[in-house]
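Peer 1: Heads up: the sequence shown runs through residues 8 to 388, numbered per the working numbering.
Pasting a structure here, questions to come.
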Amino acid sequence: MEHRVSGTSLDDVVCQALLLAGALVETKALREAFEAREEAPSRLLILGRQGVGKSSLAAWLTGESLQRGLLGVTEGVTCVEGRGFLIFDTPGLEGPELQPQVAARLTEIDAVVWLVDGLMPATGTERAALDALVPAWVRVIPLIARSDLVSSAEQAGVAGRVQGLTVGRGGVTPWWIDARTPPPELVGHLSAIDWTRSPRRHGAIAEGLERTASALQHLPIPPDLDAIADRWSSRWRDAVRSCLSTTARDLTAGRRRARAASPTLRRALVEVVASLDAELHREHGLRWGWRPESATVGASLLSELVGGTASALRALRAEAASLAAEGELALNDALQAPGVERLRAQRVAILAARAAVERAQRELSGAIGGSNVSQAPLRST
Ligand SMILES: Nc1nc2c(ncn2[C@@H]2O[C@H](COP(=O)(O)OP(=O)(O)OP(=O)(O)O)[C@@H](O)[C@H]2O)c(=O)[nH]1
Ligand SMILES: [Mg+2]
């Protein structure tokens with residue numbers, strides 16, 4: 008099964024993360040990893056059955072002789088560099104110890120070379136062993152060794168079979184080679200890196216994303232102005248309602264004269280506004296900056312207040328409603344002021360960048376973590 012991270016979609020999400028985060032924090036590491044295209048040497052992991060010719064091929068590619076154990080058998084993953092290649096030579100696929108060693112090297116390579124023995128052509132079991140070692144999205148370049156021992160008539164059939172077994176692994180056509188002395192063109196064939204399938208690039212991007220995420224984490228997020236506006240509006244409305252009912256109660260009980268009711272309500276509200284304003288500043292660094300005494304209602308209603316308790320209560324209610332609306336408008340204006348608007352835009356930008364980086368990290372984590380890398384050694388047949 009193909010890994011859900013295809014080159015294009017991964018590049019799209021990383022590009023989006025770069026675009027959004029780059030406006031806010033340093034993204035050099037991520038940008039460099041994203042743009043890495045021509046970085047030599049090509050890093051290849053050679054996998055294949057025991058004795059197929061992996062070390063011979065690695066030695067030919069790099070021009071370096073490799074350290075080997077008893078009878079020339081490779082023990083453990085060996086790294087050798089030369090002639091524009093960094094090659095990871097491995098013990099045979101049959102070995103049970105290979106999985107953790109390959110997993111540890113996975114983010115250092117660009118592609119896998121699958122060396123098949125032309126005299127013992129690849130089977131589904133061999134492909135399954137390969138799949139168990141390397142995530143499905145990593146490119147596999149198939150080569151068939153022992154061209155010197157197989158007639159050209161037979162070679163085509165074997166190549167077709169190997170090609171069938173590499174479906175979904177980058178679609179590279181298998182080449183027949185003598186692993187001891189391959190044709191010189193093999194160098195070009197193996198140097199062409201498919202960056203969209205390179206675990207090395209994925210690893211570098213993952214690191215860049217990690218750094219970007221941590222830089223974004225350190226940016227303080229401005230408060231959610233809409234939520235603050237909602238909360239403060241409703242607190243203001245509650246305060247107006249409560250001041251009104253106190254004043255109305257005093258008025259009805261005859262404790263206060265109609266003429267004095269309006270200034271009393273106003274004074275109570277001035278206190279409420281001052282305390283809410285101080286709290287707004289303390290909690291969010293914002294200012295309401297409104298004083299109810301600047302409200303225009305009131306004076307014209309005084310004459311109605313002397314008309315009796317019922318009409319005074321009506322007038323008070325109207326005045327309170329009008330004050331509540333004015334206060335809310337003033338609050339909205341304060342939260343729309345240019346400086347505060349910048350905070351709103353900043354909040355949106357930081358949240359969007361964090362989400363984009365997290366999304367890119369999610370897309371990558373399955374790929375690099377090797378979701379389908381599990382212990383499944385090749386059964387000897
Ligand atoms: N005729 C022929 N012999 C080959 C070819 N490739 C490798 N050999 C020989 O096969 C033997 C094993 O080669 P190696 O390169 O050691 O194979 P390997 O895959 O590294 O072996 P392990 O490390 O044990 O898994 C050596 O004697 C090579 O000379 C080939 O294409 N044709
Ligand atoms: Mg070897």
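Backbone N, C-alpha and C define an ideal beta-carbon position, used for all residues, glycine too.
Since the structure is predicted, the reported quantities are computational estimates derived from the model, not experimental observations.
#1: Does the beta-carbon of Ser72, which I'm using as the reference point, lie nearer than 7 Å to any heavy atom of ligand 2?
#2: Helix, strand or coil: which one does DSSP assign to Leu93?
#3: How about Ile53 and Leu226: do their beta carbons lie closer than 8 Å?
#4: Is Val120 closer than 8 Å to Ile151 when the C-beta atoms are compared?
#5: I need the DSSP call for Gly195, collapsed to helix, strand or coil.
#6: Give a yes or no on whether the C-beta atoms belonging to Asp96 and Arg146 are separated by under 8 Å.
#7: Could you please go through the chain and list the residues whose beta-carbon is closer than 5 Å to any non-hydrogen atom of ligand 2?
#8: Start and end of the alpha helix (DSSP H) containing Leu122?
#9: At 3 residues or longer, and completely inside the stretch 132 to 175: list those beta strand (DSSP E) runs for me, N to C.
#10: Once DSSP output is grouped into helix, strand and coil, what is the label at Arg266?
#11: Going straight from the alpha carbon of Arg298 to that of Ala222, what length do you get?
#12: If you drop the 5 nearest sequence neighbours on each side, which residues of the same chain put their C-beta closer than 6 Å to that of Val279?
#13: So, at 8 Å on beta carbons, what are the nonlocal neighbours of Ala186 in its own chain, with the 5 sequence-adjacent residues on each side left out?
#14: By a C-beta neighbour count over all protein chains shown, 10 Å radius and 16 as the cutoff for buried, is Val174 buried or exposed?
#15: Mind checking whether Thr114 and Glu88 have CB atoms under 8 Å apart?
#16: Which class does Leu100 belong to by DSSP, given the choice of helix, strand or coil?
#17: Is any heavy atom in ligand 1 found nearer than 7 Å to the beta carbon of Ser154?
#18: Check the DSSP bridge columns for Trp6 and list the partner residues they point to.
#19: Have a look at Ser372 and Leu350 and give me their C-alpha separation to the nearest angstrom.
#20: Would you say the beta carbon of Arg176 is closer than 7 Å to some non-hydrogen atom of ligand 1?
#21: Relative to ligand 1, is the shortest distance from any of its heavy atoms to the C-beta of Gln106 smaller than 7 Å?
#22: Flag this pair as touching only if the stretch 238 to 245 and the stretch 334 to 345 have three or more C-beta atom pairs under 8 Å; answer yes or no.
#23: How is Arg3 classed by DSSP in three states: helix, strand or coil?
#24: Report, in whole angstroms, the separation of the C-beta atoms of Ala28 and Ala360, which I expect to be a contact under 8 Å.
#25: For Cys22, count neighbouring C-beta atoms within 10 Å of its own C-beta (all shown protein chains included) and say buried if the count is 16 or more, exposed if not.
#26: How far does the beta strand (DSSP E) with Arg50 in it extend, from its first residue to its last?
#27: Is it true that the CB of Leu197 sits closer than 8 Å to the CB of Leu51?
#28: Based on Cα-Cα distance, which residue from Glu33, Ala30, Phe41 lies nearest to Asp19?
#29: Out of Val80, Pro48, Ser72, state which residue places its alpha-carbon closest to the alpha-carbon of Gly55.
#30: Given that a residue counts as buried once 16 or more other Cβ atoms are within 10 Å of its Cβ, and exposed if not, what is Ala268?
#31: Hey, quick one: how far does the alpha helix (DSSP H) through Thr245 stretch, first residue to last?
#32: Taking 8 Å as the threshold (C-beta atoms), are Ala327 and Leu272 in contact?
#33: Measure the alpha-carbon distance for Leu342 versus Ala111 and round it to whole angstroms.
#34: Mind checking Val165: buried by the 16 CB within 10 Å criterion, or exposed?
Peer 2: Taking the geometry as given:
#1: no
#2: strand
#3: no
#4: no
#5: helix
#6: no
#7: Lys61, Ser62, Thr81
#8: Taken as a continuous stretch (DSSP letters only), Leu122 belongs to no alpha helix (DSSP H), being part of the beta strand (DSSP E) at 118 to 124.
#9: 147 to 152
#10: helix
#11: 41 Å
#12: Ala246
#13: Val59, Gly60, Lys61, Ser63, Leu64, Trp67, Leu122, Leu150, Ala152, Arg153
#14: exposed
#15: no
#16: coil
#17: yes
#18: Residue 6 lies beyond the stretch modelled for the chain, which goes from 8 to 388, so this question has no answer here.
#19: 33 Å
#20: no
#21: no
#22: yes
#23: With the chain running from 8 to 388 in the structure shown, residue 3 is simply not present.
#24: 4 Å
#25: exposed
#26: 49 to 55
#27: yes
#28: Phe41
#29: Val80
#30: buried
#31: The amino acid at residue 245 is misidentified as Thr; the sequence shows Asp. Per DSSP, Asp245 belongs to the alpha helix (DSSP H) from 232 to 259.
#32: yes
#33: 53 Å
#34: buried
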